[in-house]
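Protein chains: 2
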Amino acid sequence: MSDKLDELKAILGEVADLGSAAAVLSWDQQANMPPAGGEARGQQLATLGKIAQQMATSEKVGKLIDDLKKEFEGADADSDDAAYVRVAARNYDKAVRVPPEFVAEQAVVTTKAFEAWVEAKGKSDFSIFRPHLEKVLDLVKKYISFFPPADHPYDTLLDDFEPGMKTSDVQDIFNPLRPKQVDLLKKIAKKPQVKDAFLYKKYNEKKLWDFGEEVAKAFGYDFNRGRQDKVPHPFQTTFSVNDVRITTRFEADKPLAMLFSTMHESGHAMYEQGVNPAYERTPLLGGTSLAVHESQSRMWENLVGRSMPFWEHFYPGFKKIFPSQLDGVSLKAFYKAINKVEPSFIRVNADEATYNMHIMLRLELEIAMVEGKVDIKDLPDLWNTKMQEYLGVTPPNDAQGVLQDVHWSYGAIGYFSTYALGNLVSAQLWEKINKDIPDLDDQIGKGKFDALLGWLREKIHQYGHKYDPQDLVQKVTGSRINSAPYVRYLTKKYSDIYGL
Amino acid sequence: MSDKLDELKAILGEVADLGSAAAVLSWDQQANMPPAGGEARGQQLATLGKIAQQMATSEKVGKLIDDLKKEFEGADADSDDAAYVRVAARNYDKAVRVPPEFVAEQAVVTTKAFEAWVEAKGKSDFSIFRPHLEKVLDLVKKYISFFPPADHPYDTLLDDFEPGMKTSDVQDIFNPLRPKQVDLLKKIAKKPQVKDAFLYKKYNEKKLWDFGEEVAKAFGYDFNRGRQDKVPHPFQTTFSVNDVRITTRFEADKPLAMLFSTMHESGHAMYEQGVNPAYERTPLLGGTSLAVHESQSRMWENLVGRSMPFWEHFYPGFKKIFPSQLDGVSLKAFYKAINKVEPSFIRVNADEATYNMHIMLRLELEIAMVEGKVDIKDLPDLWNTKMQEYLGVTPPNDAQGVLQDVHWSYGAIGYFSTYALGNLVSAQLWEKINKDIPDLDDQIGKGKFDALLGWLREKIHQYGHKYDPQDLVQKVTGSRINSAPYVRYLTKKYSDIYGL
Numbered sequence: 013m014s015d016k017l018d019e020l021k022a023i024l025g026e027v028a029d030l031g032s033a034a035a036v037l038s039w040d041q042q043a044n045m046p047p048a049g050g051e052a053r054g055q056q057l058a059t060l061g062k063i064a065q066q067m068a069t070s071e072k073v074g075k076l077i078d079d080l081k082k083e084f085e086g087a088d089a090d091s092d093d094a095a096y097v098r099v100a101a102r103n104y105d106k107a108v109r110v111p112p113e114f115v116a117e118q119a120v121v122t123t124k125a126f127e128a129w130v131e132a133k134g135k136s137d138f139s140i141f142r143p144h145l146e147k148v149l150d151l152v153k154k155y156i157s158f159f160p161p162a163d164h165p166y167d168t169l170l171d172d173f174e175p176g177m178k179t180s181d182v183q184d185i186f187n188p189l190r191p192k193q194v195d196l197l198k199k200i201a202k203k204p205q206v207k208d209a210f211l212y213k214k215y216n217e218k219k220l221w222d223f224g225e226e227v228a229k230a231f232g233y234d235f236n237r238g239r240q241d242k243v244p245h246p247f248q249t250t251f252s253v254n255d256v257r258i259t260t261r262f263e264a265d266k267p268l269a270m271l272f273s274t275m276h277e278s279g280h281a282m283y284e285q286g287v288n289p290a291y292e293r294t295p296l297l298g299g300t301s302l303a304v305h306e307s308q309s310r311m312w313e314n315l316v317g318r319s320m321p322f323w324e325h326f327y328p329g330f331k332k333i334f335p336s337q338l339d340g341v342s343l344k345a346f347y348k349a350i351n352k353v354e355p356s357f358i359r360v361n362a363d364e365a366t367y368n369m370h371i372m373l374r375l376e377l378e379i380a381m382v383e384g385k386v387d388i389k390d391l392p393d394l395w396n397t398k399m400q401e402y403l404g405v406t407p408p409n410d411a412q413g414v415l416q417d418v419h420w421s422y423g424a425i426g427y428f429s430t431y432a433l434g435n436l437v438s439a440q441l442w443e444k445i446n447k448d449i450p451d452l453d454d455q456i457g458k459g460k461f462d463a464l465l466g467w468l469r470e471k472i473h474q475y476g477h478k479y480d481p482q483d484l485v486q487k488v489t490g491s492r493i494n495s496a497p498y499v500r501y502l503t504k505k506y507s508d509i510y511g512l
Numbered sequence: 013m014s015d016k017l018d019e020l021k022a023i024l025g026e027v028a029d030l031g032s033a034a035a036v037l038s039w040d041q042q043a044n045m046p047p048a049g050g051e052a053r054g055q056q057l058a059t060l061g062k063i064a065q066q067m068a069t070s071e072k073v074g075k076l077i078d079d080l081k082k083e084f085e086g087a088d089a090d091s092d093d094a095a096y097v098r099v100a101a102r103n104y105d106k107a108v109r110v111p112p113e114f115v116a117e118q119a120v121v122t123t124k125a126f127e128a129w130v131e132a133k134g135k136s137d138f139s140i141f142r143p144h145l146e147k148v149l150d151l152v153k154k155y156i157s158f159f160p161p162a163d164h165p166y167d168t169l170l171d172d173f174e175p176g177m178k179t180s181d182v183q184d185i186f187n188p189l190r191p192k193q194v195d196l197l198k199k200i201a202k203k204p205q206v207k208d209a210f211l212y213k214k215y216n217e218k219k220l221w222d223f224g225e226e227v228a229k230a231f232g233y234d235f236n237r238g239r240q241d242k243v244p245h246p247f248q249t250t251f252s253v254n255d256v257r258i259t260t261r262f263e264a265d266k267p268l269a270m271l272f273s274t275m276h277e278s279g280h281a282m283y284e285q286g287v288n289p290a291y292e293r294t295p296l297l298g299g300t301s302l303a304v305h306e307s308q309s310r311m312w313e314n315l316v317g318r319s320m321p322f323w324e325h326f327y328p329g330f331k332k333i334f335p336s337q338l339d340g341v342s343l344k345a346f347y348k349a350i351n352k353v354e355p356s357f358i359r360v361n362a363d364e365a366t367y368n369m370h371i372m373l374r375l376e377l378e379i380a381m382v383e384g385k386v387d388i389k390d391l392p393d394l395w396n397t398k399m400q401e402y403l404g405v406t407p408p409n410d411a412q413g414v415l416q417d418v419h420w421s422y423g424a425i426g427y428f429s430t431y432a433l434g435n436l437v438s439a440q441l442w443e444k445i446n447k448d449i450p451d452l453d454d455q456i457g458k459g460k461f462d463a464l465l466g467w468l469r470e471k472i473h474q475y476g477h478k479y480d481p482q483d484l485v486q487k488v489t490g491s492r493i494n495s496a497p498y499v500r501y502l503t504k505k506y507s508d509i510y511g512l
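So the protein lines, in turn, are chains A and B. Just so we're aligned: 170 in this note's numbering is position 158 of the first sequence, and the numbers increase by one with no gaps anywhere. Just so we're aligned: 143 in this note's numbering is position 131 of the second sequence, and the numbers increase by one with no gaps anywhere.
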């Protein structure tokens, strides 16, 4: 191996350590930190970020990367070292374009915007958030200006989460999907609604927690290299390929959400646990993109966790734990209830058939914002109009409409679409998996997931960041990301449940 | 404020942030980390340590400190800024003397020594540990050689934990104390032993935990700026003046140890929570020395937590929680039991009357090792001889003798004495507190601790590292550290309990 590569790896290894340390601090902030600890923690995270940024963008790193790019010209692009240099060079290029003063300014603006968003949502008053969102949008535009002009300014934002993906790619995927999903929803709406009142009875938190961990273990999430904790907003985080943690929460008004959240975060975690250990402390560690990551979490939560075979195996035990809540509820009735389709206001509570519509709405608004084609003051009305158009419902207030998600307050514009893309990829992979493992349903019906996880490890997980998302999906399924498998999946599933 | 002081504070503020981040990672390692996470965590901690060391010992910092020392010559030594420069200069001077290669070598040697110690203790076979301890001692001697010659080579080690304290100071304190403690123990040994079998019944862990937290809250440990977690070996740790955590453990064979451990660690934590918030992110944050720190933990654990007034208030409630365990046990009988004096092999389980003897034994052996006056192979015999001499017992094996403590395996030679000094300081302060708060016993008997904590905050806690330990004790009590108050305290307490 080249001496220069060794040298770069030593530096970026330390940068990775600082990133892992910051991840531990952030996890602790959510999971453990006493209320008064926030200010010091913010300062500690700022220092870690600043030092990591300085190290990652030093002249020395720039020189090493320049030299290594030349050295690896014409080298086997499929080798780990070539991938390392490619990804390190891309990260470096992005990092040096954004001046530290901008990062500092962004931190100040988004901290205030977040506070304003909390207040605005609490009072359901968009006017409180509006001036802050305008400033956030100005910063997003400024951020775009640091990069070479792309086909579309939104491309620059998207590329941070889906390397190589363009706005037009996403539009080409979503445009044909939208009418199909709207059509499916209309058909479902004409059918009698399934009953699900028993899902909202009182369920014991500890028992749900234990059942969730039993399921996660059965899936193959390795608790020797992970753990679950309680937080206000669930997430998955990685400190090392051997320390990959998940978090969940309990909401008394929708108790089973905790169970599906555990499955979801386990899906993310198994991806991170499955990356080639040789990528530890390198930019190749972690999932390749948010969409591919979401394909894993959604697969375990929905394609597995909301499937009939899964519950064929787990329902008898689950019913024993909650006998009074599920008294007289058949497997079929339970299965239908957890798959109930109902247009609703809140994205995070949306079912599989309506979820993507929430995303498309946000993507369209974000693109319009970046293009300057929408005045921020008009966002609430636009939001509500689109909700009516796509889902047939109009939020009663802005707290349940344009103010529901936190993302814009911290400047995270550009990644909502990855959630929907993740759904699509999960179904694409699922069709291929079922070809490769023809008795997959039978295995799941027996509570066996090792062949499924083995397939995912071999085809997806081990590669980490080595391949860009579209290339990886192409390599595994033979096609780029597209919506056809997801439409087939939804149609089949809901035809059965709703008798379409 | 001087521009240079601002500049130094900015750099050392970031060094402090890195230290806090490392503390979070270490805490997580003990309290939460999944089994497989250790290797990556070690790497992350090494990187944080390396970067902090580079920043703290940079030429720029050296130049700033040189300039500031000149600038502050003749300035009011009692000002916070003067204390800042003094402590920063001392830390810098120590840090630059120790070469990074030495730190790296030490890490390798002590990691292996720790593993060998674990095995040696498990097998009660000193010969496994011996060659490693020899290497550790060589490194300790090498460490001493980086510093200017002191009156005694052991001074250099001691100064890291008790700034300004010399070996002869400690010997001058311990020498007159030893015969008095031996004499007291002999008198106690002639009296009938107190009964304490009820302390070793089965106690519910959760109930003890809750009672312990109730006591810690009553003391004044602020859970809004702290929390308690479970670990294999209890400790207290600080991430900020507003995030000071404690840990504890449950041992089924001595259940109440958890309660006294919570009191002990709360004492440390209240010290750290009480430091002037202006010292955040500076070298002045934290307790001034290990001995003064231990004076706080011992005071809350022993002088308060094992006192009659404390249990006059808490015993009725405690008895309600554990009615069967304490059936027929009077307050007086309980008080006597938790203060039982019994020479034993293990330091960490020692009572107030025997504890210091364990320390003196270690101090004498450490000094002899550093002086080269003892061959490592002779340590077990020397240990056992001294145990017989001071406590009248001989360990049945090395696991319960020379191998019992982990400290030497990681090169921590020089700080055992601070534990005993802490006991002495606690009694010195206690006499002064009782003069300043004449009804302290009555207050404690009512479960009121605010006047006591207020006194400690005002006289000790707020100053953090501002004053060196001897100066602080002198300032508060009018005397340097000495053993007379502790002897008076022990004599009075055990005269009552054992009817001497």
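Here a beta-carbon is modelled for each residue, glycine too, at the ideal position from N, C-alpha and C.
Among the residues facing chain A, serine 32(B) is included, as its CB has a counterpart in that chain under 8 Å away. Residue pairing for valine 227(B): DSSP places it in no beta bridge.
Taken atom to atom, the span from the alpha-carbon of lysine 332(B) to that of isoleucine 140(A) is near 53 Å. By the C-beta density criterion, leucine 315(B) is buried, having at least 16 other C-beta atoms within 10 angstroms. Annotated as distal: glutamate 131(A) and leucine 302(A), with beta-carbon spacing of 8 Å or more.
Put simply, the CB of glutamate 26(B) is near chain A, with a gap under 8 Å to one of its CB atoms. Using beta-carbon distances, methionine 282(B) does not count as an interface residue toward chain A, since no partner is under 8 Å.
For the pair leucine 394(A) and aspartate 105(A), the Cα-to-Cα distance works out to about 36 Å. Within the segment 235–263 of chain A, contact with chain B at the beta-carbon level (separation under 9 Å) is assigned to Phe235, Asn236, Arg237, Gly238, Arg239, Asp241, Phe251, Ser252, Val253, Asn254, Asp255, Val256, Arg257.
DSSP places arginine 492(A) in the coil class of the three-state scheme, outside both helix and strand. Under the DSSP assignment, glutamine 400(B) falls in the alpha helix (DSSP H) whose first and last residues are 391–403. For secondary structure counted as the beta strand (DSSP E) over 3 or more consecutive residues, the segment 404–471 of chain B holds no complete run.
DSSP, read as helix, strand or coil, puts lysine 135(B) in helix. The residue among Asp15(A), Lys153(A), Lys133(A), Gly74(A) with its C-alpha nearest the C-alpha of methionine 381(A) is Lys153(A). With its beta carbon less than 8 Å from one in chain B, valine 36(A) belongs to the interface. Per the DSSP secondary-structure output, serine 252(A) pairs in a beta bridge with Asp255(A). Taking C-beta atoms as the reference points, leucine 20(A) and isoleucine 63(A) fail to come closer than 8 Å.
For glutamine 193(B), there is no enclosing beta strand (DSSP E); the enclosing alpha helix (DSSP H) has its first and last residue at 179–201. Counting only Cβ-Cβ distances below 7 Å, asparagine 44(B) has contacts in chain A at Arg239, in chain order.
Between glycine 476(A) and leucine 296(A), the CB-CB gap stays under 8 Å. Glutamine 55(A) has a beta carbon lying within less than 8 Å of a beta carbon in chain B. Contact between the segment 26–40 of chain B and the segment 58–73 of chain B is present: 3 or more CB-CB pairs across the two stretches fall below 8 Å. Going by C-alpha positions, glycine 176(A) is about 7 Å away from aspartate 480(A). The residue among Leu377(A), Phe322(A), Lys82(A), Gly86(A) with its C-alpha nearest the C-alpha of aspartate 454(A) is Phe322(A). Under the three-state reduction of DSSP, lysine 242(A) is assigned to strand. Neighbours of aspartate 40(B) across chain A, judged by C-beta separation under 9 Å: Val36, Trp39, Asp40, Asn44, Phe251. Note that the C-beta distance between threonine 179(A) and leucine 170(A) is below 8 Å. For alanine 48(A), at least one C-beta of chain B is nearer than 8 Å to its own C-beta. Beta bridge pairing from DSSP links threonine 260(A) with Lys242(A).
Residue contact with chain B for alanine 52(A): present (Cβ-Cβ distance below 8 Å to some residue of chain B). Going by beta carbons, methionine 275(B) and glutamate 217(B) fall outside the 8 Å limit.
What leucine 20(B) touches in chain A, judged by beta-carbon distance under 7 Å, is nothing: the nearest beta carbon there is about 16 Å away. A Cβ-Cβ separation of about 18 Å leaves alanine 35(B) out of contact with aspartate 255(A) under the 8 Å criterion. Contact check for phenylalanine 223(A) against leucine 271(A) passes: the beta carbons are separated by less than 8 Å. Every unbroken stretch of the alpha helix (DSSP H) spanning 4 or more residues and falling wholly within the segment 340–386 of chain A is given here in chain order: 343–349, 367–383. At a cut-off of 8 Å between C-beta atoms, leucine 60(A) counts as an interface residue with respect to chain B.
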